[in-house]
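For the record, in the sequence shown the residue sitting at position 98 is 96 according to the working numbering, with numbers rising by one throughout.
From the three backbone atoms N, C-alpha and C, an ideal C-beta is built for every residue, glycine too.
On a predicted model such as this, the values are computed, not experimentally measured, just so you know.
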Amino acid sequence: MIRAEHISKEFITEAGIIRAVDDVSFHVEKGEIYGIIGLSGAGKSTLVRLVNRLEEPSGGKIFVDGVDILSLSEKALLEERKSIGMIFQHFNLFAQKTIWDNIAYPLRISGWSKAEIRDRVDRLITFIGLEDRAGSYPAELSGGQQQRVAIARALATGPKILLSDEGTSALDPRNTKQVLELLDKARREFGTTIIMITHQMEVAKAICQRVAVMDRGKIVEEGRTREVFFHPRHPVTRSFLSREEEIVEVEVDDVIPAAS
Ligand SMILES: Nc1ncnc2c1ncn2[C@@H]1O[C@H](COP(=O)(O)OP(=O)(O)OP(=O)(O)O)[C@@H](O)[C@H]1O
Ligand SMILES: [Mg+2]
């Protein structure tokens, strides 16, 4: 479904050239959830922005469903982007529009008829389990509910691919779980292929079939999720796993005195 071959991205800044993505190759199968983990600045966001050409690569090739997206004209690229949905850490909903109108928005700009829009939005609202909140505004919903709306909006036009850039990072564990379950449901019911950027190991562990670990622009380790977590080979993966454990321990320690 997605195949990247030796892609690189350099940013030219006053401080010099930053190689944000450095000769990265990977592929994602149809209907797979592929995790990308790594520390801040590793190049994760830049890498997924190359997949829908929000950033132009400095080198390499990217194929989406067999199509060389770097060869597309501006017009063909806009069309191709409709098949790639995206969600972000801060939901990015339209604050002045209701939940219903937020989800309808991409359908309106894609020229769907009123009847088609009504039918599709109603089905999506049911899919995310927020039937009773159709007329609410984003600010009236919890973070997890808002992210579910953002997912419905991203899925509205029936994209083949969903890119999630830290889609659960702003959520508490309960809402994180609900959003992850929804993403997995999208994969099962619609066959959506998903790339999930996350710095939360638990998130990758919960739903990704495979994960890649990024460090300084490179994929330093990749494999089946369980394999990477239980038998990490690269020092960066190991330090990342131990760092995450420390955070969990702090939370556990906090709970004990309060309970006694
Ligand atoms: N538009 C840009 N111009 C210049 N440098 C950039 C630009 N975008 C990203 N970078 C640099 O590229 C590197 C990778 O950034 P990127 O945002 O991809 O990292 P990330 O892994 O997503 O980090 P985070 O976890 O903090 O979101 C960083 O050093 C960043 O400063
Ligand atoms: Mg990022």
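Mind checking whether residue i and residue j have CB atoms under 8 Å apart?
{"i": "L153", "j": "Q143", "result": "no"}
{"i": "I35", "j": "I159", "result": "no"}
{"i": "A150", "j": "F125", "result": "yes"}
{"i": "V201", "j": "T174", "result": "yes"}
{"i": "D163", "j": "F86", "result": "yes"}
{"i": "R106", "j": "I115", "result": "yes"}
{"i": "S81", "j": "P157", "result": "yes"}
{"i": "L161", "j": "V49", "result": "yes"}
{"i": "I31", "j": "I205", "result": "yes"}
{"i": "L70", "j": "E78", "result": "yes"}
{"i": "K73", "j": "M212", "result": "no"}
{"i": "A132", "j": "I123", "result": "yes"}
{"i": "R47", "j": "L75", "result": "no"}
Could you tell me which residues DSSP pairs with residue i in its beta bridges?
{"i": "L160", "result": "G83 and I192"}
{"i": "I217", "result": "M212"}
{"i": "V65", "result": "V62"}
{"i": "R222", "result": "R208"}
Going by beta carbon distance, what residues of the same chain come within less than 7 Å of residue i, once the five residues before and after it are set aside?
{"i": "T44", "result": "K7, A18, V19 and E53"}
{"i": "D63", "result": "M(-1) and K158"}
{"i": "P104", "result": "R151, A154 and T155"}
{"i": "H88", "result": "A168"}
Which residues mark the beginning and the end of the beta strand (DSSP E) in which residue i is found?
{"i": "F9", "result": "I0 to T11"}
{"i": "Y32", "result": "I31 to G36"}
Just to confirm my understanding: we take residue i, look at its own chain, exclude 5 residues before and 5 after, and list those with CB closer than 6 Å. What are they?
{"i": "F92", "result": "N100"}
{"i": "E3", "result": "S23, G58 and K59"}
{"i": "A257", "result": "Bear in mind that the predicted position of A257 carries a pLDDT of just 47, short of 50, making it too unreliable to give a figure here."}
{"i": "E220", "result": "A210"}
{"i": "K28", "result": "M(-1) and T191"}
{"i": "E249", "result": "Note that E249 scores 45 on pLDDT, short of 50, meaning its location in the model is unreliable; the coordinates nonetheless yield the value given after this. Contacts found: none."}
Which residues mark the beginning and the end of the alpha helix (DSSP H) in which residue i is found?
{"i": "G141", "result": "G141 to L153"}
{"i": "F61", "result": "Where F61 is concerned, there is no enclosing alpha helix (DSSP H), although the beta strand (DSSP E) it sits in stretches over G57 to V62."}
{"i": "D120", "result": "K112 to F125"}
{"i": "D21", "result": "D21 -> not in any alpha helix (DSSP H); beta strand (DSSP E) instead, spanning G14 to V26."}
{"i": "A202", "result": "M199 to I205"}
{"i": "P104", "result": "I97 to I107"}
{"i": "S43", "result": "K42 to V49"}
Using a beta-carbon distance below 8 Å, is residue i in contact with chain D?
{"i": "I10", "result": "No chain D is present in this structure, which holds just one protein chain."}
Going by beta carbon distance, what residues of the same chain come within less than 8 Å of residue i, once the five residues before and after it are set aside?
{"i": "L239", "result": "M199, F227 and P230"}
{"i": "V177", "result": "G142, Q145, R146, I149, G165, T166 and L169"}
{"i": "M194", "result": "I31, Y32, G33, I34, S162, G165, L181, V201, A202, I205 and C206"}
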